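For the sequence shown, the positions run -26 to -1, 1 to 293 when mature numbering (1 follows the signal peptide of the UniProt record, and there is no 0) is used.
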Amino acid sequence: MKIRKKIASILLTSILLAGLSVNVNALDSRDVRSIAGIDRYATASGIAGNFGPYENVILVNADNNMLADGLSASGLAGVLNAPILLVHKDSIPNETQLRIDIAKRIYIIGSEGSISRGLEDRLRDQSMGGFSVKRIGGVNRYETSYNVAREILSIKNSVGKVFVANGRLGEADAMSASAIAARDGEPILLTNGNNMDSKSMSIVLRTNNIYAVGGSNVISQSLVSSLNARRISGKNRYYTNSLLINQFYQNSNGSYYLSDGYKLVDALTGGPLAGKNNAPIFLVGPNNNKSILRGASELVSLGGINRSIINQCINAANR
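1. So, does the CB of Ser275 fall closer than 7 Å to a CB anywhere in chain B?
2. Using CA atoms only, rank isn't needed, just tell me which of Ser119, Ile266, Val61 is closest to Gln221.
3. Got a sec? Which residues, its chain only, sit under 7 Å from residue 375 by beta carbon, not counting five neighbours each side?
4. So for Arg14, helix, strand or coil by DSSP?
5. Of the choices Asn182, Thr214, Tyr213, Asn215, whose alpha-carbon is the least far from that of Ser199?
6. Quick one: what does DSSP say Phe256 is sitting in, helix, strand or coil?
7. Relative to the C-alpha of Arg204, which candidate in Tyr212, Arg211, Ser190, Asn210 has its C-alpha closest?
8. Using alpha carbons as the reference points, say which of Gly277, Leu143, Arg281, Ala51 lies closest to Ser152.
9. Look at Ala148 and Leu45 and say whether their C-beta atoms are less than 7 Å apart.
10. Contact between the segment 106 to 116 and the segment 132 to 139 is defined here as three or more beta-carbon pairs at a separation below 8 Å; is this criterion met?
11. Below 8 Å, can you find three or more Cβ-Cβ pairs linking the segment 268 to 283 to the segment 77 to 88?
12. Under 8 Å Cβ to Cβ from Met40, same chain only, skipping five residues before and after it: list those, please.
13. Please classify Asn225: is it buried, with 16 or more other beta-carbons within 10 angstroms of its beta-carbon, or exposed?
14. Which residue marks the beginning of the beta strand (DSSP E) containing Thr165, and which one marks its end?
15. Count the CB pairs spanning the segment 224 to 239 and the segment 249 to 256 that are closer than 8 Å, and state whether there are at least three.
16. So Phe222 is in the alpha helix (DSSP H); what residue range does that whole segment cover?
17. Rounded to whole angstroms, how far is the Cβ of Gly277 from the Cβ of Ala10, which I believe are closer than 8 Å?
18. With respect to the beta strand (DSSP E) encompassing Tyr81, which residues constitute its N-terminal and C-terminal limits?
19. Looking at Gly259 and Gly244, is the spacing between their C-beta atoms short of 7 Å?
20. Starting from the N-terminal side, write out each stretch of the alpha helix (DSSP H) that is 4 residues or longer and does not extend beyond the segment 87 to 117.
21. What would DSSP say about Glu272, mapped onto helix, strand or coil?
22. Could you tell me if Lys209 is buried or exposed, where buried requires 16 or more neighbouring beta carbons within 10 angstroms of its beta carbon?
23. Report, in whole angstroms, the separation of the C-beta atoms of residue 317 and Arg14, which I expect to be a contact under 8 Å.
24. Which one of Arg142, Ser48, Gly20 has the shortest CA to CA distance from Ile193?
25. Under 6 Å Cβ to Cβ from Glu69, same chain only, skipping five residues before and after it: list those, please.
26. Would a C-beta distance cut-off of 7 Å place Val34 and Pro57 closer than the cut-off?
27. Please go through the same chain and pick out, in chain order, the residues whose beta-carbon is closer than 8 Å to the beta-carbon of Arg211, but skip the five residues on each side of it.
28. Assign Gly49 to one of two classes, buried (16 or more other C-beta atoms within 10 Å of its C-beta) or exposed (fewer than that).
29. Could you spell out where the beta strand (DSSP E) holding Asn140 opens and where it closes?
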């Protein structure tokens, strides 16, 4: 009789435990690491502080969301193991200066219309031989992206893949590709959406792996065909972002870097750090599908993301 009762007790306990389905690896708010400062400059500095040892830094101007030059910088950041830092046209925020002071080489991305010659001269004066300064720019954003790609090529001597994005209408598309470009040290070339200049074509022709990021409203089908490119595009920036993650992170380590889908400057500065850690940039908003986060082991929030959106991401990771 005692044996029967014991067996019954064991069976009942097993049934109850089976019904609880406890996820011992569930994420909670303590598992979400936040890298955020009082503004975009401080956030970029904080991201650099998580970068580990580095000798190079890349400077871009992000005033008034002037992200055009920065769009093409991610691949260079990857090959240089460099964080991307933000400056004004004529001055350097204190948070940025602190990171510059420990570097050996400074790369300025963009023409003197983006970052002034005066700022460049002051950097050279203050270095006193402690670091070198190099500007990579062009007459417009398209030539700048070509010159950045050429710099990548001079370091790597090869091109494995190229991302093509619209330089005026495809900022979100380029940012979605930024962590991939940084991880693999590959260029992002900018186009007007209808054609590509011969210099940029000379980079594209070095590889068979060409990805046009964005729909036909930003990159024409005729251009995609002429490049023999594969188009990666969803119905909006969030879907395009998820398609890129599915394509290039099949062996993900479970980490995701979260960035506001309409405050892209944090994705710009976060891309190199995410790439270094083989993690994607995941664009978030209040209503986008977050199912791609299912099973995530770590979430890193870049910049100020609304707490309700963070909670949505945690819930999606635990489903």
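Idealized CB from N, CA, C, for every residue including glycine. Everything numeric in this text was worked out from a predicted model, so none of it was measured.
Reading from the atomic positions:
1. In the structure shown, chain B does not exist; there is a single protein chain.
2. Start at 1 with the first residue of the sequence shown, and residue 221 comes out as number 247. Gln221 has its Cα closest to that of Ile266, out of Ser119, Ile266, Val61.
3. Missing from the structure shown is residue 375; the chain here goes from -26 to 293 and no further.
4. Along the sequence shown, one-based indexing puts residue 14 at 40. DSSP places Arg14 in helix when its eight states are reduced to three.
5. On the sequence shown, residue 199 is found 225 positions in, with the first residue counted as 1. Nearest in C-alpha terms to Ser199, of all of Asn182, Thr214, Tyr213, Asn215, is Asn182.
6. The sequence position of residue 256 within the sequence shown is 282, counting from 1. Here Phe256 sits in strand by DSSP.
7. Against the sequence shown, residue 204 aligns to sequence position 230. With distances taken between Cα atoms, Arg204 lies closest to Ser190.
8. Against the sequence shown, residue 152 aligns to sequence position 178. Of the listed residues, the one whose Cα sits closest to Ser152 is Ala51.
9. By one-based count along the sequence shown, residue 148 stands at place 174. By one-based count along the sequence shown, residue 45 stands at place 71. Contact: yes.
10. no
11. Counting Cβ pairs under 8 Å, fewer than three are found: no touch.
12. Locating residue 40 in the sequence shown gives position 66, where the first residue counts as 1. In the same chain as Met40, and ignoring 5 residues on each side of it, the C-beta atoms closer than 8 Å to its own belong to Ser88, in chain order.
13. Within the sequence shown, residue 225 is the residue found at index 251, counting from 1. Asn225 should be labelled exposed.
14. As a first step, residue 165 is located in the sequence shown; it is residue number 191 there, counting from the start. Unbroken beta strand (DSSP E) run through Thr165: 162 to 165.
15. yes
16. Here residue 222 refers to the residue found at position 248 of the sequence shown. It spans 211 to 222 - the alpha helix (DSSP H) in which Phe222 sits, taken as one unbroken run.
17. By 1-based counting over the sequence shown, the position of residue 277 is 303. By 1-based counting over the sequence shown, the position of residue 10 is 36. Under the criterion of beta carbons closer than 8 Å, Gly277 and Ala10 qualify as touching, at roughly 5 Å.
18. Reading the sequence shown from its first residue, position 107 is the one you call residue 81. Note, Tyr81: beta strand (DSSP E), 79 to 83.
19. On the sequence shown, position 270 is the one that residue 244 refers to. On the sequence shown, position 285 is the one that residue 259 refers to. For Gly244 and Gly259, no; Cβs fall outside 7 Å.
20. 91 to 101
21. The residue you call residue 272 lines up with position 298 of the sequence shown. Glu272: strand per DSSP, three-state reduction.
22. Taking the sequence shown and counting its residues from 1, the one referred to as residue 209 is at position 235. The residue is exposed, with fewer than 16 neighbouring Cβ atoms inside 10 Å.
23. For residue 317 there is no data in the structure shown, the boundaries of the chain being -26 and 293.
24. The count along the sequence shown starts at 1 and reaches residue 193 at position 219. Of Arg142, Ser48, Gly20, the residue nearest in Cα terms is Arg142.
25. Locating residue 69 in the sequence shown gives position 95, counting from the first residue. Tyr15, Ala16, Ser19.
26. The sequence position of residue 34 within the sequence shown is 60, counting from 1. The sequence position of residue 57 within the sequence shown is 83, counting from 1. No. Outside cutoff.
27. On the sequence shown, residue 211 is found 237 positions in, with the first residue counted as 1. For Arg211, where only same-chain residues beyond five positions count, the Cβ hits under 8 Å are Ala146, Asp147, Ser150, Gly235, Leu257.
28. Looking up residue 49 in the sequence shown gives position 75. The residue is buried, with at least 16 neighbouring Cβ atoms inside 10 Å.
29. In the sequence shown, residue 140 corresponds to position 166, counting from 1. Taken as a continuous stretch (DSSP letters only), the beta strand (DSSP E) holding Asn140 covers 136 to 140.
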